[in-house]
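Contents: one structure, followed by commentary.
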Amino acid sequence: MESSKWLAAVASIWIQCSSGASYAFGIYSPVLKSTQFYDQSTLDTVSVFKDIGANAGILSGLLYTAVAAKPSSGRGRFSFLHGGPWVVHLAGAIQCFAGYFFMWLAVTGTINRPPVTVMSLFMFIAAHAQTFLNTANVVAAVQNFPDHSGTIVGIMKGFLGLSGAILIQVYQTIFNNNPSSLILMLALLPTIVTLMLMFLVTVHETPSRNEEKYLQGFLLVSLVIAAYLLFLRILENVFVFPEWAKIITLLVLFALLCSPISVVVKAQRVDLERLRPSVTSSTSLLMDEPEWESSDKLAVENIMDYDEVPTDTVQRKASSILQPDEQKNLWQAMCTIDFWFLFVAMICGMGSGLATINNISQIGESLGYTTLARSTLVSLWSIWNFLGRLGAGYVSDIFLLRRGWPRPLFMVFTLAVMTGGHVIIASGFPGNLYVGSLLVGICYGSQWSLMPTISKEIFGVVHMGTIFNTIAIASPVGSYVLSVRVIGYIYDKEASGEGNSCFGTHCFMLSYFILASVSLFGVVVALALFYRTRRFYSRVLILC
1 MESSKWLAAV ASIWIQCSSG ASYAFGIYSP VLKSTQFYDQ STLDTVSVFK
51 DIGANAGILS GLLYTAVAAK PSSGRGRFSF LHGGPWVVHL AGAIQCFAGY
101 FFMWLAVTGT INRPPVTVMS LFMFIAAHAQ TFLNTANVVA AVQNFPDHSG
151 TIVGIMKGFL GLSGAILIQV YQTIFNNNPS SLILMLALLP TIVTLMLMFL
201 VTVHETPSRN EEKYLQGFLL VSLVIAAYLL FLRILENVFV FPEWAKIITL
251 LVLFALLCSP ISVVVKAQRV DLERLRPSVT SSTSLLMDEP EWESSDKLAV
301 ENIMDYDEVP TDTVQRKASS ILQPDEQKNL WQAMCTIDFW FLFVAMICGM
351 GSGLATINNI SQIGESLGYT TLARSTLVSL WSIWNFLGRL GAGYVSDIFL
401 LRRGWPRPLF MVFTLAVMTG GHVIIASGFP GNLYVGSLLV GICYGSQWSL
451 MPTISKEIFG VVHMGTIFNT IAIASPVGSY VLSVRVIGYI YDKEASGEGN
501 SCFGTHCFML SYFILASVSL FGVVVALALF YRTRRFYSRV LILC
């Protein structure tokens with residue numbers, strides 16, 4: 001199959017499906033805590049280094065800008081060997097293997113129990129790989145589909161969010177709930193998948209017909225996979241699956257993950273059919289008409305071909321709101337108040353959401369949830385996270401391009417709903433974690449789709465990788481304060497059981513009322529960003 005931006009998108013989707021290892025922390029954190037003799041505050045400290053590694057992607061952004069910001073041209077069939085997204089992928093794969101492999105050696109006792117600082121380093125390196133894989137996939141996808149940036153970012157971020165549930169399903173089928181084996185799997189699986197697919201992720205600045213239609217095909221596939229995983233989690237809570245049934249369900253999952261290739265085949269077929277009459281038409285015009293007239297007609301034909309759907313015209317104009325001389329680098333972006341509004345809003349939203357997933361297993365334990373129920377909560381979080389990422393990108397694209405609603409308005413709404421989710425978790429009523437994690441998970445995922453797209457629109461695409469990865473540092477900053485200094489501190493003060501354990505609603509109630517207050521402050525900051533940028537986003541309607 002010929003290399004194209006559609007094939008690159010599928011390769012990126014598959015890499016994203018394997019690279020969300022950090023979302024499985026809630027599964028292996030108990031064995032990490034028990035084998036290394038950590039209390040809750042120490043475990044939260046280690047998890048913060050995971051958060052820093054998974055979100056501090058400045059190096060990956062700088063590397064991408066250096067080797068892949070501009071697509072290679074005129075270098076022949078093997079131009080990808082001269083630099084491209086694969087360089088960033090390779091750096092990520094090496095870090096993924098090294099970090100998780102040494103962590104596995106420590107947990108299994110193969111090496112002496114390392115100091116907390118060394119274990120934190122292992123965790124940082126392992127999680128830092130995610131920023132390299134994610135940056136290469138997201139920025140390459142935005143360059144390939146600039147007219148649908150919100151949708152394609154939502155797709156890429158959505159599959160990354162879904163990867164936690166996919167990895168957990170593979171782990172539970174093959175390793176039969178052995179947490180130390182999960183760590184080894186996280187060292188091997190993402191590394192192998194990335195090395196196999198990284199050369200397929202290339203940048204093609206060529207327009208395609210009906211891009212929106214085929215991107216919606218990817219959306220549909222992702223929703224089917226999410227629904228299937230959700231269905232499996234519900235069944236696994238009701239029935240005990242025999243081994244043969246687990247294997248069949250895993251094979252069905254693999255088949256669904258392969259289905260996006262059908263979208264590639266259809267999209268490439270349409271592109272080829274469109275090019276054939278175009279070549280014939282141009283030859284005829286050159287023979288029968290003056291050169292200036294034939295070129296004008298071809299230009300008109302191309303415009304009519306690409307702009308048959310009115311929303312495509314809107315999207316093309318929307319993608320060019322920011323002129324080349326308005327593109328900002330990292331330092332120029334940091335000198336604006338919009339950058340810091342976005343950063344503080346992400347501290348509140350991403351920080352409180354990340355603190356929730358880091359502690360969801362311990363919250364469930366304190367409230368009397370079974371081991372299976374806690375595992376289900378982690379898997380469901382991945383699905384809610386996915387729906388937020390996917391939905392926020394696609395829905396905000398629709399409302400921005402068709403009704404002129406500024407994208408920060410969706411950030412205001414999702415942070416407000418997240419506040420309610422934190423209050424529900426704090427309440428401690430039966431089943432509260434299922435409802436609270438649903439609201440917080442969807443709204444947390446939404447931030448990961450909205451923030452990179454807003455960064456691209458306000459500051460430009462040239463340094464997008466560096467800028468949005470710098471803003472993403474807000475996630476571990478907020479997580480450190482809220483996980484270690486709030487949740488971990490209050491939990492250890494309340495703990496009275498064996499092994500620094502705490503049971504009851506009081507263990508996390510105060511913490512989550514504090515988190516609710518923080519996310520409510522984020523609503524205020526996002527509202528300020530909305531008011532500052534509403535005139536900027538009104539240019540979409542003016543250009544239309």
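When we follow the UniProt record's numbering, the leftmost residue of the sequence shown carries the number 1, and every step to the right adds one. Note that beta-carbon positions come from the ideal geometry of N, C-alpha and C, so glycine has one too.
Environment of residue i [buried if 16+ CB atoms lie within 10 Å]
{"i": "Pro115", "result": "exposed"}
{"i": "Ala66", "result": "exposed"}
{"i": "Phe102", "result": "buried"}
{"i": "Lys493", "result": "exposed"}
{"i": "Leu224", "result": "The identity of residue 224 in the sequence shown is Val, whereas the question assumes Leu. Val224 is exposed by the Cβ-count criterion."}
{"i": "Asn176", "result": "exposed"}
{"i": "Gly161", "result": "buried"}
{"i": "Ser375", "result": "buried"}
{"i": "His506", "result": "exposed"}
{"i": "Val279", "result": "Because Val279 sits at a pLDDT of 47, beneath the cut-off of 50, its placement in the model cannot be relied upon, and the following sentence gives the value as read from the coordinates. When all chains shown are included, Val279 counts as exposed."}
{"i": "Glu243", "result": "exposed"}
{"i": "Leu235", "result": "exposed"}
{"i": "Gly436", "result": "buried"}
{"i": "Trp381", "result": "buried"}
{"i": "Cys335", "result": "exposed"}
{"i": "Asn112", "result": "exposed"}
{"i": "Glu457", "result": "buried"}
{"i": "Arg535", "result": "exposed"}
{"i": "Arg407", "result": "buried"}
{"i": "Trp384", "result": "buried"}
{"i": "Cys258", "result": "exposed"}
{"i": "Tyr28", "result": "buried"}
{"i": "Gly368", "result": "exposed"}
{"i": "Phe231", "result": "exposed"}
{"i": "Leu189", "result": "buried"}
{"i": "Met196", "result": "exposed"}
Residues near residue i by beta carbon distance below 7 Å, same chain, minus five either side
{"i": "Phe239", "result": "none"}
{"i": "Ser483", "result": "Asp44, Ser47, Val48, Ala355, Asn358 and Asn359"}
{"i": "Ser4", "result": "His204 and Gln268"}
{"i": "Gly421", "result": "Gly436, Leu439, Val440 and Cys443"}
{"i": "Trp104", "result": "Ser180, Ile183, Leu184 and Ala187"}
{"i": "Ile467", "result": "Leu330, Ala333, Ser455 and Phe459"}
{"i": "Val139", "result": "Tyr64, Met464 and Gly465"}
{"i": "Pro310", "result": "Low confidence applies here, because Pro310 scores a pLDDT of 41, under 50, leaving its location unreliable and the question unanswered by this model."}
{"i": "Leu372", "result": "Asn237"}
{"i": "Ala528", "result": "Phe341"}
Residues near residue i in its chain [Cβ-Cβ closer than 8 Å; skip 5 each side]
{"i": "Ser410", "result": "Strictly speaking, residue 410 in this sequence is Phe, with Ser absent from that position. Excluding sequence neighbours, Phe410 sits near Ala392, Val395, Ser396, Phe399, Ser446 and Leu450."}
{"i": "Ala24", "result": "Gly164, Leu167, Ile168, Tyr171, Leu182, Leu186 and Val378"}
{"i": "Ser284", "result": "For Ser284, the predicted structure reports a pLDDT of 45, less than 50, and the residue's modelled location is therefore unreliable. A value from the coordinates is still provided. Cβ neighbours of Ser284 beyond the five flanking positions: none."}
{"i": "Tyr228", "result": "Val252, Leu253 and Leu256"}
{"i": "Val525", "result": "Phe341, Val344, Ala345 and Cys348"}
{"i": "Ser247", "result": "First, the amino acid is wrong: residue 247 is Ile here, not Ser. Within the same chain, Ile247 has close Cβ partners Thr173."}
{"i": "Phe159", "result": "Ile13, Gln16, Cys17, Ser222 and Phe386"}
{"i": "Met156", "result": "Ser12, Ile13, Gln16, Asn134, Asn137, Val138 and Ala141"}
{"i": "Val477", "result": "Ile347 and Gly351"}
{"i": "Gly109", "result": "Thr35"}
Supposed contact pair residue j and residue i - C-beta distance, whole angstroms, cut 8 Å
{"i": "Ala54", "j": "Ser22", "result": "4 Å"}
{"i": "Ser511", "j": "Met350", "result": "The Cβ separation is near 17 Å, so there is no contact."}
{"i": "Gly26", "j": "Ser361", "result": "4 Å"}
{"i": "Ser60", "j": "Asn329", "result": "The pair is not a contact, with the Cβ atoms about 16 Å apart (cut-off 8 Å)."}
{"i": "Phe132", "j": "Val88", "result": "5 Å"}
{"i": "Phe339", "j": "Ala333", "result": "5 Å"}
{"i": "Cys96", "j": "Ala136", "result": "Contact flag wrong, Cβ pair sits at about 13 Å."}
{"i": "Ala426", "j": "Phe530", "result": "Actually they are not in contact, since the Cβ atoms of Ala426 and Phe530 sit about 27 Å apart, beyond 8 Å."}
{"i": "Gly364", "j": "Leu433", "result": "6 Å"}
{"i": "residue 598", "j": "Val10", "result": "Outside the displayed range of the chain (1 to 544) lies residue 598, so it cannot be described from this structure."}
Spatial neighbours of residue i in its chain, beta-carbon cut-off 6 Å, leaving aside the 5 residues before and after
{"i": "Gln143", "result": "Val203"}
{"i": "Tyr480", "result": "Val48"}
{"i": "Met198", "result": "Trp86 and His89"}
{"i": "Leu520", "result": "Thr419"}
{"i": "Leu415", "result": "Gly349, Ser519, Gly522, Val523 and Ala526"}
{"i": "Tyr214", "result": "Val263 and Ala267"}
Chain C within 8 Å of residue i, Cβ atoms only
{"i": "Gln130", "result": "Given the protein chain composition of this structure (a single chain), no chain C is represented."}
With a floor of 4 residues, list each alpha helix (DSSP H) that falls wholly inside the stretch 158-235, ordered by position along the chain. 179-197
Those runs of the alpha helix (DSSP H) which lie wholly inside the stretch 397-439 and span at least 4 residues: 408-427
Whole runs of the alpha helix (DSSP H) within the stretch 434-488, excluding any shorter than 4 residues: 464-471 and 474-479
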